[in-house]
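First to last, the sequence lines map onto chains Y and X. Read in order, the letters of the first sequence correspond to residues 245 to 685 in our numbering. Read in order, the letters of the second sequence correspond to residues 172 to 480 in our numbering. Below is one structure; the comments refer to it alone.
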Amino acid sequence: MVNTKRRSVIKLAGSAAAVASTGMAGILATGRTPAFAQQKMVHWLRWVDFVPASDALLRKTMLPRAEKELGMKITLETVNGNDLKPRATAAIQSGTGPDIIQAFNTDAYIYANSVVDLSDLALDLDKREGGIYKYCRSLCSDGKMFMSMPWAVPGAMNSWRTSWFAEEGVTSFPKTWEEYRAVGKKLKAKGRPIGQTLGHTFGDAPTFTYPYLWSWGGKELEADGKTVAINSKETLESVKFMQAFWKEACDEGALSWDDTNNNRAFLSGTISSTLNGASIYIEASRKPDTYQTEKGTPLFKDIQHAPLPAGPAGQFGMHLMQSDMLMKYSKNQDAAKAFLKWIHDEKNYGEWFNSQKGYSTPCTAKWESNPLWNADPVMAPFKVAARLGQAPGFAGLPNQKAAEALAKYIVTDMYAKAVQGTAPEEAVKWAEGELKKVYNT
Amino acid sequence: MAVTALGGTEAKRSLVRFRKLEDERWLAFVLLMPTALLLGLFIAYPFIEGVLLSLSDAKVGDNGHFVGLANFFKLWNDGIFWTSVWNTFWYTGVTTVFKLGLGLWLAMLLNRHFRGKAIIRAFILLPFIIPTVLSTFAWKWMFDPTFSVINWALLHLGLIHLPINWLGNPDLAMGSIMAVNIWRGVPFFAISLLAGLQTISPELNEAAAIDGARPWARFWYVTWPLLLPVTMVVMLFSVIQTFADFQLVYVMTGGGPANATHLFATYAYQIGIVSGLLSQGAAVSLAMFPFLFIIVVVQLLYIRRVEVR
Numbered sequence: 245m246v247n248t249k250r251r252s253v254i255k256l257a258g259s260a261a262a263v264a265s266t267g268m269a270g271i272l273a274t275g276r277t278p279a280f281a282q283q284k285m286v287h288w289l290r291w292v293d294f295v296p297a298s299d300a301l302l303r304k305t306m307l308p309r310a311e312k313e314l315g316m317k318i319t320l321e322t323v324n325g326n327d328l329k330p331r332a333t334a335a336i337q338s339g340t341g342p343d344i345i346q347a348f349n350t351d352a353y354i355y356a357n358s359v360v361d362l363s364d365l366a367l368d369l370d371k372r373e374g375g376i377y378k379y380c381r382s383l384c385s386d387g388k389m390f391m392s393m394p395w396a397v398p399g400a401m402n403s404w405r406t407s408w409f410a411e412e413g414v415t416s417f418p419k420t421w422e423e424y425r426a427v428g429k430k431l432k433a434k435g436r437p438i439g440q441t442l443g444h445t446f447g448d449a450p451t452f453t454y455p456y457l458w459s460w461g462g463k464e465l466e467a468d469g470k471t472v473a474i475n476s477k478e479t480l481e482s483v484k485f486m487q488a489f490w491k492e493a494c495d496e497g498a499l500s501w502d503d504t505n506n507n508r509a510f511l512s513g514t515i516s517s518t519l520n521g522a523s524i525y526i527e528a529s530r531k532p533d534t535y536q537t538e539k540g541t542p543l544f545k546d547i548q549h550a551p552l553p554a555g556p557a558g559q560f561g562m563h564l565m566q567s568d569m570l571m572k573y574s575k576n577q578d579a580a581k582a583f584l585k586w587i588h589d590e591k592n593y594g595e596w597f598n599s600q601k602g603y604s605t606p607c608t609a610k611w612e613s614n615p616l617w618n619a620d621p622v623m624a625p626f627k628v629a630a631r632l633g634q635a636p637g638f639a640g641l642p643n644q645k646a647a648e649a650l651a652k653y654i655v656t657d658m659y660a661k662a663v664q665g666t667a668p669e670e671a672v673k674w675a676e677g678e679l680k681k682v683y684n685t
Numbered sequence: 172m173a174v175t176a177l178g179g180t181e182a183k184r185s186l187v188r189f190r191k192l193e194d195e196r197w198l199a200f201v202l203l204m205p206t207a208l209l210l211g212l213f214i215a216y217p218f219i220e221g222v223l224l225s226l227s228d229a230k231v232g233d234n235g236h237f238v239g240l241a242n243f244f245k246l247w248n249d250g251i252f253w254t255s256v257w258n259t260f261w262y263t264g265v266t267t268v269f270k271l272g273l274g275l276w277l278a279m280l281l282n283r284h285f286r287g288k289a290i291i292r293a294f295i296l297l298p299f300i301i302p303t304v305l306s307t308f309a310w311k312w313m314f315d316p317t318f319s320v321i322n323w324a325l326l327h328l329g330l331i332h333l334p335i336n337w338l339g340n341p342d343l344a345m346g347s348i349m350a351v352n353i354w355r356g357v358p359f360f361a362i363s364l365l366a367g368l369q370t371i372s373p374e375l376n377e378a379a380a381i382d383g384a385r386p387w388a389r390f391w392y393v394t395w396p397l398l399l400p401v402t403m404v405v406m407l408f409s410v411i412q413t414f415a416d417f418q419l420v421y422v423m424t425g426g427g428p429a430n431a432t433h434l435f436a437t438y439a440y441q442i443g444i445v446s447g448l449l450s451q452g453a454a455v456s457l458a459m460f461p462f463l464f465i466i467v468v469v470q471l472l473y474i475r476r477v478e479v480r
């Protein structure tokens, strides 16, 4: 039976009487919602996690506990990652929508005018957890304010089939692009190509094309963050190499893949390697009877993770940095802040982090020493993903313009155009023109 | 007594008000009001807002300032925009021709008497009834580069040796999208034209047959001229819908590969909603207006000519 207190009955009766006697006009005149409707509420919009267990944990265990401890109602809404930006734009323009919206990579810069400064929460986290990584900080803070609260970095690493590579005489993941192309050529000849999207999709496309460009010495901008520098000898070399790499070693159908296609292709044994989060491995190890190799052994035992190969200028990584924006239009800002503080509490966040099994790397240094990273050596490469990541807009710092260029898929399209037959010089020139339009130079 | 007198005056006034409605101009005004209000609220207001937005430098969360036609000048030099313009015309043109041809053929078949006619008619409407996003997802799976059932069938029949890259090749991607649009649009043409066919008196065809007209001649000289007004209206609706299509391309390719399949609507969405450049997105969207306006005016003039004839 529900306990009803005398005070709450009086309050409810008072409100009801007020509404009954003055109607809507009465409510509007006071400028306040009736007392019985004043429960604190927080609406949190996130992507559909590639680790379904984590969404289930939030829904079934963590959020009900948060509701109880914080005395508020929390609604978790999950959508496809590609739909987060449209939702944020619509919400901001209409002035109503989720209180907290998840941002990817440079998204927070696009919405900088419409978010609440979360410096107090972020700096507290920074102090408590051994410092926020430079990569994460640069994506969440423009130096003046924290536009969003760093959440986690689902690291992008190559998932690769060890036995298939071994059949070609390769026992460790290729260190250079040349080596990768050479083994990829042999693999493709056997109907086991490398699977890499160059489509318009939020994660797997840019997290491949940006580090690939950097590894050849190419860059969007000079260090001043204004001068477009993509039309260089290095970029051109990277585009030329990509044309050959694509044709010789890759699944050419991947031009239209979104972030889920390579998961399905890898799990069904049609590709030998792909840049992805750890979701392929996690899914394969969760269902060892469903996902098996052609020899009938569990697929997950044939998967290893490795960073992208190195180019002439070195080895780079860009990951899917995730953060949470508290929206300015929110009428529940205090409650939302309280919730963010709650979920970033080490005990609560740790519970979620464990459910990810290494799929996501936290944004602070402290978690590098977490025992989870020793539990499964296959997941170990993800430990330092957030520490080693580099942000779009390089060699400048990330900002609103870099976010715009990323949202327009300019770097990705440069390579996509080339592999479809556009001359490399023309593809690079096209990218230069598009970037110049963005940076107004 | 006084109360009665007052009531009498009220009644007289309302009678006068009603008398006003006897004047056709007033009646027409009153009857048109609800529609005008709805059109104003949901068409004119957003349209004007769109125009104002396209003349500003507004971004998401920033109302911006008036910049005149700067956004349109930017578009003029935007290669992707011109690709979208070409794609939209190509997409609308090709699909409309096919939808008309197949729809007419289907309508002629359905106009005959055969067993199970009612059920077949209901089934034919299915592609039109299923929510577009849902059916397009099914098609997306059928064109999937790795798991395409079409490729599977062609490979097993020995017609191809390598899987076809339906959505990864710009031309094939456009072709695939058109195929889905035609599949979805044919029922609308078929059912509307069937309704048109049923208004044509069978006696006319019979008389022509008695005079010795063969089936093709009966179609061309009797059925087609009588069906033309309906056909033109159906085409008008279809062209407007296809020109502004969004869902299909958005679900199937998202405008890719490398912007090769963008239409006006998807490009406007990419710029305005995804990239947050609201004013530029509005400009792309508005650029559709003059093209569509010309097409509609030409079609309406043609319809009028056909009707007068």
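We put the CB at the ideal spot given by N, CA and C, even for glycine.
Q) Does the ligand ATP have a heavy atom nearer than 6 Å to the CB of Leu463(X)? A) Annotation note on the ligand ATP: not contained in the displayed structure, which lists no ligands.
**Q.** Neighbour flag for Ala388(X) against chain Y, beta carbons, 7 Å
**A.** Here residue 388(X) refers to the residue found at position 217 of the second sequence. Not closer than 7 Å to any Cβ of chain Y, the Cβ of Ala388(X) fails to qualify, so no.
(Q) Please identify the residue among Asp620(Y), Ile587(Y), Ser358(Y), Ala630(Y) whose C-alpha is closest to the C-alpha of Met306(Y). (A) Position 62 of the first sequence, counted from the start, is the residue given in the question as residue 306(Y). Cα-wise, what sits closest to Met306(Y) is Ile587(Y).
**Q.** Alpha carbon of Leu297(X) to alpha carbon of Gly329(X), nearest angstrom
**A.** As a working mapping, residue 297(X) is identified with position 126 in the second sequence. As a working mapping, residue 329(X) is identified with position 158 in the second sequence. Between Leu297(X) and Gly329(X), the C-alpha separation is close to 32 Å.
**Q.** Spatially closest choice to Phe299(X) from Glu195(X), Ser363(X), Leu281(X), Ala199(X), by CA coordinates
**A.** Walking along the second sequence from the start, residue 299(X) turns up at place 128. Comparing Cα-Cα distances from Phe299(X) to each of Glu195(X), Ser363(X), Leu281(X), Ala199(X), the minimum goes to Ser363(X).
Q.
Can you give me the C-alpha to C-alpha distance between Ala629(Y) and Trp611(Y), rounded to a whole angstrom?
A. Position 385 of the first sequence holds residue 629(Y). Position 367 of the first sequence holds residue 611(Y). Their backbone Cα atoms lie some 12 Å apart in a straight line.
**Q.** DSSP-derived helix/strand/coil call for Lys317(Y)
**A.** Walking along the first sequence from the start, residue 317(Y) turns up at place 73. Looking at Lys317(Y) - three-state DSSP - the assignment turns out to be strand.
Q. Does DSSP put Ala229(X) in a helix, in a strand, or in coil?
A. Here the question's residue 229(X) lines up with position 58 in the second sequence. Coil.
Q: Can you say whether Thr266(Y) is buried or exposed, counting buried as having 16 or more other CB atoms within 10 angstroms of its CB?
A: Walking along the first sequence from the start, residue 266(Y) turns up at place 22. Low confidence applies to Thr266(Y): its pLDDT is 42, below 50, so where it sits in the model is not reliable, and the reading given next is rough at best. Exposed.
**Q.** Span of the beta strand (DSSP E) around Leu519(Y)
**A.** Residue numbering aside, residue 519(Y) sits at position 275 when the first sequence is read from its first letter. From DSSP, the beta strand (DSSP E) with Leu519(Y) extends over 517 to 520.
Q) Where DSSP assigns a beta bridge to Leu570(Y), which residues make up the other side? A) Along the first sequence, one-based indexing puts residue 570(Y) at 326. Its beta-bridge partners are Ile344(Y).
Q.
Along the region 328 to 342 of chain X, where does the CB come closer than 7 Å to a CB of chain Y? Name the residues.
A. Pro334, Asn336, Leu338, Gly339, Pro341
Q: Tell me, please, whether the CB atom of Ser446(X) is closer than 7 Å to any CB atom in chain Y?
A: On the second sequence, residue 446(X) is found 275 positions in, with the first residue counted as 1. It does; some Cβ of chain Y falls within 7 Å.
(Q) Spatial neighbours of Ala493(Y) within its chain, please: C-beta separation below 6 Å, excluding the five flanking residues on both sides. (A) Residue mapping note: residue 493(Y) aligns to position 249 of the first sequence, counting from 1. Same-chain partners within the cutoff: Arg425, Gly428, Lys429, Lys432, Ile438.
**Q.** CA nearest to the CA of Gly561(Y), picked from Lys317(Y), Gly399(Y), Asp495(Y), Leu369(Y)
**A.** Mapped onto the first sequence, residue 561(Y) falls at position 317. Comparing Cα positions, the closest option is Gly399(Y).
Q) So, are the CB atoms of Tyr567(Y) and Trp395(Y) less than 7 Å apart? A) Within the first sequence, residue 567(Y) is the residue found at index 323, counting from 1. Within the first sequence, residue 395(Y) is the residue found at index 151, counting from 1. The amino acid at residue 567(Y) is misidentified as Tyr; the sequence shows Ser. Their beta carbons are under 7 Å apart, which means Ser567(Y) touches Trp395(Y) by this criterion.
Q.
Would Thr319(Y) and His287(Y) be called neighbours here (beta carbons separated by less than 7 Å)?
A. Residue 319(Y) sits at position 75 when you count from the first residue of the first sequence. Residue 287(Y) sits at position 43 when you count from the first residue of the first sequence. Contact flag set, yes.
Q) Run through DSSP, which three-state label would Trp354(X) get? A) Within the second sequence, numbered from 1, the residue matching residue 354(X) stands at position 183. Trp354(X) falls in the helix class under three-state DSSP.
Q | Counterpart residues of Gly555(Y) in DSSP-defined beta bridges | A | Looking up residue 555(Y) in the first sequence gives position 311. Gly555(Y) pairs with Gly558(Y).
Q | Cα-Cα separation, Gly239(X) to Trp247(X) | A | Your numbering for residue 239(X) matches position 68 in the second sequence. Your numbering for residue 247(X) matches position 76 in the second sequence. Distance between the alpha carbons of Gly239(X) and Trp247(X): 14 Å.
Q.
Taking 8 Å as the cut-off, does the region 468 to 475 of chain X touch the region 470 to 485 of chain Y (at least 3 CB pairs, one atom from each stretch)?
A. no
Q | chain Y residues whose Cβ lies nearer than 7 Å to that of Asp233(X) | A | Locating residue 233(X) in the second sequence gives position 62, where the first residue counts as 1. Near Asp233(X) (Cβ distances below 7 Å), the residues of chain Y are Asn357.
**Q.** Contacting positions in the region 424 to 437 of chain X - beta carbon closer than 9 Å to chain Y
**A.** Thr424, Gly425, Gly426, Gly427, Pro428, Ala429, Asn430, Ala431
Q: Please classify Thr267(X): does DSSP put it in a helix, a strand, or coil?
A: Position 96 of the second sequence, counted from the start, is the residue given in the question as residue 267(X). Three-state result, Thr267(X): helix.
Q.
Buried or exposed for Gln283(Y), going by 16 or more other Cβ atoms inside 10 Å?
A. Position 39 of the first sequence, counted from the first residue, corresponds to residue 283(Y). When all chains shown are included, Gln283(Y) counts as exposed.
**Q.** Completely contained alpha helix (DSSP H) runs for the region 404 to 457 of chain X, where each covers 4 or more residues
**A.** 418 to 423, 435 to 440
Q. Around the C-beta of His433(X), are 16 or more other C-beta atoms found within 10 angstroms, so that it is buried, or is it exposed?
A. On the second sequence, position 262 is the one that residue 433(X) refers to. With 16 or more other Cβ atoms within 10 Å, it is buried.
Q | DSSP state of Met268(Y) mapped onto helix, strand, coil | A | For this step, residue 268(Y) is matched to residue 24 along the first sequence. The pLDDT assigned to Met268(Y) is 49, lower than 50, so where the model puts this residue is not dependable, and the model offers no usable value.
Q) CB-CB under 7 Å to Ala467(Y), same chain, minus the five flanking residues each way: which ones, in chain order? A) If you number the first sequence from 1, residue 467(Y) lands on position 223. Counting only Cβ-Cβ distances below 7 Å, and skipping sequence neighbours, we find Ala639, Gly640.
(Q) Measuring alpha carbon to alpha carbon, tell me which residue in Leu564(Y), Asp657(Y), Gln634(Y) is nearest Gly521(Y). (A) If you number the first sequence from 1, residue 521(Y) lands on position 277. Looking at the Cα atoms, Leu564(Y) is the closest of the given residues.
Q) Rounded to the nearest angstrom, how far is the Cβ of Gly633(Y) from that of Val397(Y), given a contact under 8 Å? A) What you label residue 633(Y) is simply residue 389 of the first sequence in a count that begins at 1. What you label residue 397(Y) is simply residue 153 of the first sequence in a count that begins at 1. 7 Å between Cβ atoms; contact.
Q. Is there contact here, the region 651 to 659 of chain Y with the region 409 to 426 of chain Y, by at least three beta-carbon pairs under 8 Å?
A. no
Q: Please determine, among Gly443(Y), Ile526(Y), Lys585(Y), Phe583(Y), the residue with the shortest C-alpha to C-alpha distance to Ala662(Y).
A: Numbered from its first residue, the first sequence carries residue 662(Y) at position 418. Of the candidates Gly443(Y), Ile526(Y), Lys585(Y), Phe583(Y), the one whose C-alpha sits nearest the C-alpha of Ala662(Y) is Gly443(Y).
Q. Are Gly339(X) and Pro428(X) touching if we call contact CB-CB under 7 Å?
A. Within the second sequence, the letter at position 168 stands for residue 339(X). Within the second sequence, the letter at position 257 stands for residue 428(X). Yes, the Cβ-Cβ distance between Gly339(X) and Pro428(X) is below 7 Å.
Q: Give the DSSP-derived three-state secondary structure of Val493(X) in the structure shown.
A: Given a span of 172 to 480 for chain X in the structure shown, any question on residue 493(X) remains unanswerable.
Q) For Asn614(Y), which of Tyr603(Y), Val622(Y), Lys627(Y) has the nearest alpha-carbon? A) As a working note, residue 614(Y) is residue 370 in the first sequence. Of the listed residues, the one whose Cα sits closest to Asn614(Y) is Lys627(Y).
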